[in-house]
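Chains as they are written, first to last, in numbering that gives the first Met the number 0: chain W, 0 to 135; chain X, 0 to 397; chain H, 0 to 264.
These notes are about the structure you will find just below.
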Amino acid sequence: MISKRPLIAIIDDDDIQHYLLTRIIDGHNLAESILTFLDGEKALQFLADNSSTNENIPDIIFLDNNMPIMDGWQFLEEYPSLECKIKKKVHIFMASSSVNPEDIERARNINQISGYIEKPITLDKLKGVIDDLGFF
Amino acid sequence: MSHTIDYKELCSIFPSGYFCSQPDGTIIDVNQKFLELISYTREEVVYKKKFTDLLSKGGEIYFETVYSSILKLSGKVEEINFDFIKKNGTKIPVLINSVEVKDIEGHHVLTYTSVFNISQRKRYEQELLIAKRKAKNLSDDLMQANKVLISNSELIIKQKLQLELNNHLEHKNRQLSSFAHIASHNLRAPVSNLISLNDFYNESSDLEDKAMLFTKIEIVIGHLNETLNELIDSVKIQEDINITHEPTLFKTVFNKTLEILEVQLLDSKALVTSNFSEAPKIEYPKLYLESIMLNLLSNSIRYRSLDRIPKIHFYTEINSNEITLIATDNGLGINLKKHGHRLFGLGNTFHRHPDSKGVGLYMIKTQIDVLGGCIAVESEVDKGTTFKIILKKVSDDK
Amino acid sequence: MLKTILARNYINIHGDGSKVILFVHGYGCDQHMWRFITPYFKDDYKIVLIDLVGSGKSDEKAYDFDKYGSLEGYADDILEICEVLDLKDVIFVGHSVSAIIGLLTALKRPSLFKKLIMIGPSPRYINDDEYFGGFSQEDIDELLETLDANFLGWSSAMAPVIMGNADRPELAEELEHSFCQNNPEIARHFAKVTFLGDNRSDLDKLRTETLIIQSKSDAIASLKIGQYVHAHIAESKLVVLDSTGHCPHLSAPDQTIEAMKHYLK
Numbered sequence: 000m001i002s003k004r005p006l007i008a009i010i011d012d013d014d015i016q017h018y019l020l021t022r023i024i025d026g027h028n029l030a031e032s033i034l035t036f037l038d039g040e041k042a043l044q045f046l047a048d049n050s051s052t053n054e055n056i057p058d059i060i061f062l063d064n065n066m067p068i069m070d071g072w073q074f075l076e077e078y079p080s081l082e083c084k085i086k087k088k089v090h091i092f093m094a095s096s097s098v099n100p101e102d103i104e105r106a107r108n109i110n111q112i113s114g115y116i117e118k119p120i121t122l123d124k125l126k127g128v129i130d131d132l133g134f135f
Numbered sequence: 000m001s002h003t004i005d006y007k008e009l010c011s012i013f014p015s016g017y018f019c020s021q022p023d024g025t026i027i028d029v030n031q032k033f034l035e036l037i038s039y040t041r042e043e044v045v046y047k048k049k050f051t052d053l054l055s056k057g058g059e060i061y062f063e064t065v066y067s068s069i070l071k072l073s074g075k076v077e078e079i080n081f082d083f084i085k086k087n088g089t090k091i092p093v094l095i096n097s098v099e100v101k102d103i104e105g106h107h108v109l110t111y112t113s114v115f116n117i118s119q120r121k122r123y124e125q126e127l128l129i130a131k132r133k134a135k136n137l138s139d140d141l142m143q144a145n146k147v148l149i150s151n152s153e154l155i156i157k158q159k160l161q162l163e164l165n166n167h168l169e170h171k172n173r174q175l176s177s178f179a180h181i182a183s184h185n186l187r188a189p190v191s192n193l194i195s196l197n198d199f200y201n202e203s204s205d206l207e208d209k210a211m212l213f214t215k216i217e218i219v220i221g222h223l224n225e226t227l228n229e230l231i232d233s234v235k236i237q238e239d240i241n242i243t244h245e246p247t248l249f250k251t252v253f254n255k256t257l258e259i260l261e262v263q264l265l266d267s268k269a270l271v272t273s274n275f276s277e278a279p280k281i282e283y284p285k286l287y288l289e290s291i292m293l294n295l296l297s298n299s300i301r302y303r304s305l306d307r308i309p310k311i312h313f314y315t316e317i318n319s320n321e322i323t324l325i326a327t328d329n330g331l332g333i334n335l336k337k338h339g340h341r342l343f344g345l346g347n348t349f350h351r352h353p354d355s356k357g358v359g360l361y362m363i364k365t366q367i368d369v370l371g372g373c374i375a376v377e378s379e380v381d382k383g384t385t386f387k388i389i390l391k392k393v394s395d396d397k
Numbered sequence: 000m001l002k003t004i005l006a007r008n009y010i011n012i013h014g015d016g017s018k019v020i021l022f023v024h025g026y027g028c029d030q031h032m033w034r035f036i037t038p039y040f041k042d043d044y045k046i047v048l049i050d051l052v053g054s055g056k057s058d059e060k061a062y063d064f065d066k067y068g069s070l071e072g073y074a075d076d077i078l079e080i081c082e083v084l085d086l087k088d089v090i091f092v093g094h095s096v097s098a099i100i101g102l103l104t105a106l107k108r109p110s111l112f113k114k115l116i117m118i119g120p121s122p123r124y125i126n127d128d129e130y131f132g133g134f135s136q137e138d139i140d141e142l143l144e145t146l147d148a149n150f151l152g153w154s155s156a157m158a159p160v161i162m163g164n165a166d167r168p169e170l171a172e173e174l175e176h177s178f179c180q181n182n183p184e185i186a187r188h189f190a191k192v193t194f195l196g197d198n199r200s201d202l203d204k205l206r207t208e209t210l211i212i213q214s215k216s217d218a219i220a221s222l223k224i225g226q227y228v229h230a231h232i233a234e235s236k237l238v239v240l241d242s243t244g245h246c247p248h249l250s251a252p253d254q255t256i257e258a259m260k261h262y263l264k
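Spelled out as structure tokens, the structure:
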């Protein structure tokens with residue numbers, strides 16, 4: 000049983016999305032702290048830089064699939080090579096405004112993905128995810 | 000040297016048959032040649048046989064309906080073909096000429112008929128007839144084959160039209176699915192943001208917080224508006240299939256583009272060159288060409304490398320009857336492996352550049368597609384990018 | 000309409016009388032065959048001469064192989080001609096096959112003809128059990144062969160070349176000006192329709208007053224056939240001329256005129 004609040008990362012090119020999620024998470028004390036990245040490449044760089052210490056590695060990542068530079072899918076292609084260096088289980092949730100069944104199916108077939116969340120991300124959806132993982 | 004002609008003898012030994020008949024057809028005189036032709040003796044014929052006795056029944060109908068009528072009406076008949084029946088029952092084809100002899104009052108009293116054996120030429124005629132029938136059959140066959148060919152080619156044309164329709168539908172489908180994608184990413188995301196912001200706004204009792212939320216709402220609305228306008232523009236292009244094509248000089252459009260981007264060009268210190276000599280002009284919607292050049296040039300300036308002097312070159316080529324516009328630069332380049340599939344989508348950017356909106360390439364691809372052209376890109380990261388745009392076939396350029 | 004039909008049947012009208020006499024030629028010829036007869040009627044009659052479609056100078060393009068596949072097609076033309084020319088109480092003079100065409104026309108509209116004059120009629124040319132037509136199917140085949148031979152000899156093989164030869168229009172002209180020369184295809188078709196038809200049953204239906212003029216000796220329609228026609232038409236008179244041949248109006252015009260005048264008195 001983990002009785003600790005998680006470290007949450009948000010990877011999304013939309014800064015409004017950052018604001019909204021942060022506001023919900025902070026407002027309800029759902030996270031120990033929040034990391035925000037505007038694209039996959041920056042997030043990947045951060046994870047690579049901090050792979051030696053568990054402290055800064057997020058427990059949960061909310062990953063947007065549609066981003067410039069490096070989108071969610073590309074992030075997921077690159078991630079496995081990092082995974083082995085990271086000593087911590089990172090739960091990645093794809094957060095998308097796409098209702099395209101192809102996208103949902105594609106997400107289901109990627110091992111690294113723990114779940115698919117349809118935007119908008121609400122308090123209930125966040126709580127559900129965090130509770131399911133056994134935090135608190 | 001004079002010679003007296005014995006007309007009786009002449010008549011008798013004359014090398015063609017001759018006979019004389021009464022109006023009812025009774026033969027009253029014949030010559031030797033005629034008797035030889037029909038193998039009768041004089042005694043068996045004269046005052047014994049009528050003209051029609053030498054004919055078959057079918058021949059008799061022809062005699063009555065055609066030969067006699069013509070003889071009565073014009074006083075003579077020429078080149079009528081009958082089969083005379085010889086004594087032994089066999090037939091001999093003959094050609095006859097007849098002339099009516101009238102008395103002083105104009106009454107028909109005698110008919111003189113000359114008879115030519117045409118057995119020899121009849122065989123040729125038969126061959127001719129057979130050849131003619133063969134030719135007719137052949138031409139009927141050819142006509143039939145031609146009909147089949149025509150109906151086949153009509154079928155092919157129909158199939159081709161169907162194929163074109165299918166291609167058009169497929170293209171429309173691609174546009175639709177691309178629209179669905181745009182709608183979900185570029186419209187749904189800001190709308191859901193708006194809803195969330197609005198919820199916070201309603202929940203919040205702090206005025207300062209409300210004001211801050213409102214600013215954010217305004218920003219999202221701004222984005223939403225921009226996206227909608229871009230979508231509307233692209234829909235306009237896709238509907239604008241009948242846009243007028245006018246003779247357009249590449250140089251003219253390019254110079255206009257340089258003027259529009261004068262400030263950016265000065266800032267970037269880019270070295271811009273062009274060569275449109277291979278295909279100096281094209282029948283193309285001027286507005287589209289302006290939009291294409293403007294987007295390509297502004298992209299090249301925007302994504303220039305700061306490590307070197309930007310070099311941008313625009314030129315035209317004719318490759319296998321197609322006019323191609325090529326824009327090449329030595330800029331940042333694009334990782335095509337990573338981004339190739341999204342290069343021309345709406346709202347996709349590949350550079351962390353403050354001006355990146357991901358609109359330009361989507362727009363020009365739409366314009367090029369609508370006119371049946373295509374756009375290709377070659378790029379290497381940190382080396383540069385080359386856009387090749389096949390605008391249209393030269394053969395259409397009339 | 001009027002113009003089309005006038006041209007279609009190459010209709011010629013002359014004569015000073017008010018009574019109408021319509022002459023229709025038989026198989027193998029055209030309206031020229033009446034040239035010895037008409038002068039004796041022009042004072043008392045309006046004389047209407049026509050060429051059957053496919054014969055003489057009729058409009059060859061109007062020849063429809065379906066329509067003229069039976070004599071009814073020609074009868075319809077006669078009705079049409081009488082209508083557009085507004086002919087009433089017509090004396091119809093038909094030679095050979097046109098005697099039968101006249102018969103069919105009269106059956107279609109009994110009031111149209113005042114009198115019918117048939118010259119050398121035959122309701123059927125082919126022998127049939129008891130009936131004597133004078134010919135067998137083979138005889139008709141021979142006729143068709145003779146037709147072919149003549150069209151091949153001086154027409155069929157050459158005519159298309161001559162007609163199509165724009166450089167020598169005088170050749171086409173020459174053919175056109177000769178008498179009784181018709182398009183080979185049509186002549187062949189017309190021959191079949193004429194000589195293979197059977198209109199015996201129509202004779203009994205006729206109520207129009209009819210004169211049958213018959214040559215004493217006629218290889219095409221023999222006296223026997225003339226008598227048969229006479230026996231089957233209710234209001235008929237038979238006149239046998241002391242003449243030879245199928246065309247007494249050509250071979251014995253005086254007798255023919257006399258018989259007609261006597262009947263029409």
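C-beta atoms are modelled at their ideal positions from N, C-alpha and C, and glycine is treated no differently.
Just so it is clear, the structure is predicted and the values come from calculations on it, not from any experiment.
C-beta neighbour in chain X for residue i, strict 7 angstroms
{"i": "Lys118 (chain W)", "result": "yes"}
{"i": "Tyr26 (chain H)", "result": "yes"}
{"i": "Met32 (chain H)", "result": "yes"}
{"i": "Ile15 (chain W)", "result": "yes"}
{"i": "Phe134 (chain H)", "result": "yes"}
{"i": "His245 (chain H)", "result": "yes"}
{"i": "Met157 (chain H)", "result": "Confidence at Met157 (chain H) is low in this model, with a pLDDT of 41, below 50, so its placement is unreliable and no value can be given for it."}
{"i": "Leu29 (chain W)", "result": "no"}
C-beta atoms of residue i and residue j nearer than 7 angstroms
{"i": "Asp58 (chain H)", "j": "Gly16 (chain H)", "result": "no"}
{"i": "Gly132 (chain H)", "j": "Asn126 (chain H)", "result": "yes"}
{"i": "Ile308 (chain X)", "j": "Ala278 (chain X)", "result": "no"}
{"i": "Thr247 (chain X)", "j": "Ile218 (chain X)", "result": "no"}
{"i": "Glu59 (chain X)", "j": "Ala220 (chain H)", "result": "no"}
{"i": "Leu293 (chain X)", "j": "Thr243 (chain X)", "result": "no"}
{"i": "Asp29 (chain H)", "j": "Gly55 (chain H)", "result": "yes"}
{"i": "Ile134 (chain H)", "j": "Lys90 (chain X)", "result": "First, the residue type needs correcting, since residue 134 (chain H) is Phe and not Ile in the sequence shown. No, the Cβ-Cβ distance between Phe134 (chain H) and Lys90 (chain X) is not below 7 angstroms."}
{"i": "Ile91 (chain W)", "j": "Ser113 (chain W)", "result": "yes"}
Proximity test, Cβ basis, 7 angstroms: residue i and chain W
{"i": "Asn192 (chain X)", "result": "yes"}
{"i": "Lys356 (chain X)", "result": "Bear in mind that the predicted position of Lys356 (chain X) carries a pLDDT of just 49, short of 50, making it unreliable; the figure below should be weighed with that in mind. So, not an interface residue."}
{"i": "Ala144 (chain X)", "result": "no"}
{"i": "Arg187 (chain X)", "result": "yes"}
{"i": "Asp208 (chain X)", "result": "no"}
{"i": "Val219 (chain X)", "result": "yes"}
{"i": "Pro353 (chain X)", "result": "The predicted position of Pro353 (chain X) is uncertain, since its pLDDT is 49 and thus under 50; a value taken from the coordinates is nonetheless stated next. Pro353 (chain X) does not count as touching chain W."}
Candidates the options: closest to residue i by CA position
{"i": "Glu63 (chain X)", "options": "H:Thr145, H:Thr209, H:Ile12, H:Leu1", "result": "H:Thr145"}
{"i": "Ala258 (chain H)", "options": "H:His31, H:Val92, H:Lys56", "result": "H:Val92"}
{"i": "Ser299 (chain X)", "options": "X:Ala326, X:Glu379, X:His107", "result": "X:Ala326"}
{"i": "Phe112 (chain H)", "options": "H:Lys260, H:Gly55, H:Lys87, H:Ile211", "result": "H:Lys87"}
{"i": "Leu94 (chain X)", "options": "X:Ser113, X:Leu109, X:Gly88, X:Glu104", "result": "X:Ser113"}
{"i": "Asp70 (chain W)", "options": "W:Ser95, W:Ile59, W:Glu54", "result": "W:Ser95"}
{"i": "Lys264 (chain H)", "options": "H:Lys18, H:Asn149, H:Tyr67", "result": "H:Lys18"}
Below-7 angstroms beta-carbon distance, residue i vs any chain A residue
{"i": "Ser113 (chain W)", "result": "Of the protein chains in this structure, namely W, X and H, none is chain A."}
Beta-ladder partner(s) of residue i, from DSSP
{"i": "Glu117 (chain W)", "result": "W:Ser95"}
{"i": "Glu234 (chain H)", "result": "DSSP lists no partner for Glu234 (chain H)."}
Cutoff 7 angstroms: residue i Cβ touching any chain H Cβ
{"i": "Gly57 (chain X)", "result": "yes"}
{"i": "Val63 (chain X)", "result": "The amino acid at residue 63 (chain X) is misidentified as Val; the sequence shows Glu. Interface residue, yes."}
Near the ligand NAP: residue i beta-carbon under 6 angstroms from a heavy atom
{"i": "Asn110 (chain W)", "result": "Absence of the ligand NAP from the depicted structure is noted, as is the absence of any ligand whatsoever, leaving it without description."}
Exercise. Quick one: complete alpha helix (DSSP H) runs, 4+ long, within the region 39 to 111 of chain W?
Worked result: Fully contained in the region 39 to 111 of chain W are the following alpha helix (DSSP H) runs of length 4 or more, in chain order: 39 to 48, 71 to 77, 79 to 82, 100 to 107.
For this session: List in chain order: all unbroken beta strand (DSSP E) runs of 3+ residues lying wholly within the region 276 to 308 of chain X.
Result: Correct list: 280 to 283.
Problem set entry | Inside the region 127 to 193 of chain X only - alpha helix (DSSP H) runs reaching at least 4 residues | Look at the region 127 to 193 of chain X and you find no whole run of alpha helix (DSSP H) that is 4 residues long or longer.
For this session: Tell me the start and end of each unbroken alpha helix (DSSP H) in the region 46 to 123 of chain X that is at least 4 residues and wholly inside, in chain order.
Result: Correct list: 56 to 61, 67 to 73.
Problem set entry | In chain order, each alpha helix (DSSP H) run of at least 4 residues that lies wholly inside the region 63 to 139 of chain H | Residue ranges of uninterrupted alpha helix (DSSP H) with 4 or more members, entirely inside the region 63 to 139 of chain H and ordered along the chain, are 70 to 83, 96 to 107.
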